[in-house]
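In the numbering used here, the protein residues as written are 3 to 203. Note that CB positions come from ideal geometry on N, CA and C, so glycine has one too. Predicted model only: the values in this text are computed from it and were never measured.
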């Protein structure tokens, strides 16, 4: 009998009567199947989510690495940009008056109005308003004069070496029929860097 005929003559209900070779092969195949099922259930099935998570983390790490690599490649440009920002910030800080310069600046603002030919009706420095890292110094001003004199005053304020901004601007005729005699109500603000309090004190 050849092998195929022997396989066909095997009784699946009575494997104990199979020839030794077939019983060994059947046991080996069953063992391999059970081991493969166990490996799938207890190793592959539990490890696949971990593998997927690890692959996702790898992609995120790659993206982070590439982003940091781009930043590292531009580090010199960032450092130069930071130096330029610090230089600009220092230049702006130098335009803010120090505590001891404020009285002179008030005189400069007043003299700018008088130098433009305006008549000063009100010049009232208000209380200092503290902000995050600077103090705001508002001054209520009322001046009267011609349109061109008011323009000269605004130009003069802009030309001051210290930062002075104009707010709440109101221009109206002094008399209803006198259009060339105008009254300017404005709040001028200058600013002081607060860090000097700690260096001075």
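{"Check": "Beta carbon of residue 165 nearer than 9 angstroms to that of residue 188", "Outcome": "no"}
{"Check": "For residue 41, the residue or residues it bridges with in DSSP", "Outcome": "DSSP lists no partner for residue 41."}
{"Check": "Per-residue DSSP class, three states only, for residue 47", "Outcome": "helix"}
{"Check": "Extent of the continuous beta strand (DSSP E) run through residue 137", "Outcome": "136-147"}
{"Check": "Residue 193 classed as buried or exposed, judged by whether at least 16 other C-beta atoms fall within 10 angstroms", "Outcome": "buried"}
{"Check": "Three-state class that DSSP yields for residue 133 in the structure shown", "Outcome": "coil"}
{"Check": "Continuous beta strand (DSSP E) stretch holding residue 225: start and end", "Outcome": "Residue 225 is absent from the structure shown; the chain starts at 3 and stops at 203."}
{"Check": "Any 3 or more C-beta pairs closer than 8 angstroms across the stretch 121-131 and the stretch 154-163", "Outcome": "no"}
{"Check": "Of the listed residues 159, 24 and 86, nearest to residue 1 (C-alpha basis)", "Outcome": "The requested residue 1 does not occur in the structure, where the chain is confined to residues 3 to 203."}
{"Check": "Inter-residue CB distance, residue 111 and residue 131 (contact presumed, cutoff 8 angstroms)", "Outcome": "The pair is not a contact, with the Cβ atoms about 17 angstroms apart (cut-off 8 angstroms)."}
{"Check": "Outcome for residue 147 when other beta-carbon atoms lying within 10 angstroms are tallied against a minimum of 16", "Outcome": "buried"}
{"Check": "Simplified DSSP assignment, three categories, for residue 194", "Outcome": "strand"}
{"Check": "N- and C-terminal bounds of the beta strand (DSSP E) containing residue 127", "Outcome": "121-127"}
{"Check": "For residue 86 and residue 80, the rounded distance between their alpha carbons", "Outcome": "10 angstroms"}
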